[in-house]
Amino acid sequence: GQSLEQPSEVTAVEGAIVQINCTYQTSGFYGLSWYQQHDGGAPTFLSYNALDGLEETGRFSSFLSRSDSYGYLLLQELQMKDSASYFCAVSHYSGGYQKVTFGIGTKLQVIP
Amino acid sequence: ETGVTQTPRHLVMGMTNKKSLKCEQHLGHNAMYWYKQSAKKPLELMFVYSLEERVENNSVPSRFSPECPNSSHLFLHLHTLQPEDSALYLCASSQETRARNEQFFGPGTRLTVL
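Those sequence lines, one after another, are chains A and B. Mind the numbering: the first sequence is residues 48 to 159 in the working numbering, read in order. Mind the numbering: the second sequence is residues 323 to 436 in the working numbering, read in order.
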């Protein structure tokens, strides 16, 4: 089966940098995605890594190490609006089709 | 309408009621999903439809019954639910042939079972 581990909660100061780690176990691995969900809202896609290394999109960056089954999401210049839950998710091949399995989510609180 | 829409946004029902959740996607995707989101639990995949054919059930109780009449519409029929079924039910769609399989979520239906 698939399993993902990420911290349940993280608190960081406005303007700072925060890193949210994710480790996973899966077969048929394609890549690692990150989603953001604000309270009362729907999850929205942030990034996807299929190859080792760092992908940068504005203030957000995502990293993957396939050999370590590990990735992280890096948020820079934190803003209050970044307070949300962040989910890592593995894309994998299972039962003849592609699917996405989500982690439990990390609740990020940005404080002044 | 754009993206993925869901109705109703909130639903309160008794354990003996029958109700249906509706999802519609306007993205031209070929796969649709139902997820259950409960507090302090990962998003739980309930059903997957690929090209209008159900490909995953994920051991969901029979009191949840999905229907996918075409590639744009997905329903979740509910009957004789239990209080522990109270949760946020999210619909999503994706273009399954893309390796990253990015999920586009609707706003969800907040379900309360009394």
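Each residue gets a CB set at the ideal place from its N, CA and C atoms; glycine is no exception.
Below 8 Å on the Cβ atoms is my contact criterion, and I expect residue 359 of chain B with residue 326 of chain B to pass it. Report the Cβ-Cβ distance as a whole number of Å.
For the purposes of this step, residue 359 of chain B is taken as residue 37 along the second sequence, with counting starting at 1. For the purposes of this step, residue 326 of chain B is taken as residue 4 along the second sequence, with counting starting at 1. No, residue 359 of chain B and residue 326 of chain B are not in contact; Cβ-Cβ is about 15 Å, not under 8 Å.
I'd like to know whether the C-beta atoms of residue 116 of chain A and residue 71 of chain A end up nearer to each other than 7 Å.
In the first sequence, the residue the question calls residue 116 of chain A occupies position 69. In the first sequence, the residue the question calls residue 71 of chain A occupies position 24. Yes, the Cβ-Cβ distance between residue 116 of chain A and residue 71 of chain A is below 7 Å.
Measure the C-alpha to C-alpha separation of residue 58 of chain A and residue 69 of chain A and round it to an integer number of angstroms.
For this step, residue 58 of chain A is matched to residue 11 along the first sequence. For this step, residue 69 of chain A is matched to residue 22 along the first sequence. Using only the alpha carbons, I get a separation of about 17 Å.
Considering only the beta carbon of each residue, do residue 353 of chain B and residue 424 of chain B sit closer than 7 Å?
Translated into the one-based positions of the second sequence, residue 353 of chain B becomes position 31. Translated into the one-based positions of the second sequence, residue 424 of chain B becomes position 102. No. Outside cutoff.
Taking residue 107 of chain A and residue 94 of chain A to be in contact with their CB atoms under 8 Å, please state how far apart those CB atoms are, rounded to whole angstroms.
Against the first sequence, residue 107 of chain A aligns to sequence position 60. Against the first sequence, residue 94 of chain A aligns to sequence position 47. Indeed, because the Cβ distance is near 6 Å, the residues count as touching under 8 Å.
What do you reckon, are the CB atoms on residue 399 of chain B and residue 416 of chain B nearer than 7 Å?
In the second sequence, the residue the question calls residue 399 of chain B occupies position 77. In the second sequence, the residue the question calls residue 416 of chain B occupies position 94. For residue 399 of chain B and residue 416 of chain B, no; Cβs fall outside 7 Å.
What residues are listed by DSSP as bridge partners for residue 392 of chain B?
The sequence position of residue 392 of chain B within the second sequence is 70, counting from 1. Bridge partners of residue 392 of chain B: B:395.
Per DSSP, which residues does residue 68 of chain A bridge with? Please list them.
Indexing the first sequence from 1 puts residue 68 of chain A at position 21. Answer by DSSP bridge pairing, in chain order: A:119.
Inspect the CB distances between the segment 83 to 100 of chain A and the segment 132 to 148 of chain A and report whether three or more fall short of 8 Å.
Yes, the segment 83 to 100 of chain A touches the segment 132 to 148 of chain A.
List the residues of chain B that residue 150 of chain A touches, going by C-beta distances under 7 Å, in chain order.
The residue you call residue 150 of chain A lines up with position 103 of the first sequence. By Cβ distance, chain B contributes 364.
For residue 138 of chain A and residue 422 of chain B, which I take to be in contact (beta-carbon distance under 8 Å), what is that distance rounded to the nearest angstrom?
Taking the first residue of the first sequence as 1, we reach residue 138 of chain A at position 91. Taking the first residue of the second sequence as 1, we reach residue 422 of chain B at position 100. Their Cβ separation, rounded to whole angstroms, is 6 Å, which keeps residue 138 of chain A and residue 422 of chain B in contact under 8 Å.
Per DSSP, what are the beta-bridge partners of residue 139 of chain A in this structure?
Here residue 139 of chain A refers to the residue found at position 92 when the first sequence is read from its first residue. Per DSSP, A:76, A:146.
Taking the continuous beta strand (DSSP E) assigned at residue 157 of chain A, which residues delimit it?
Here residue 157 of chain A refers to the residue found at position 110 when the first sequence is read from its first residue. Counting along the chain, the beta strand (DSSP E) containing residue 157 of chain A begins and ends at 153 to 158.
Within the 7 Å Cβ cut-off, does residue 90 of chain A reach chain B?
Numbered from its first residue, the first sequence carries residue 90 of chain A at position 43. Interface residue, yes.
With a threshold of 7 Å between beta carbons, is residue 331 of chain B in contact with chain A?
As a position in the second sequence, residue 331 of chain B is number 9, starting the count at 1. Residue 331 of chain B does not count as touching chain A.
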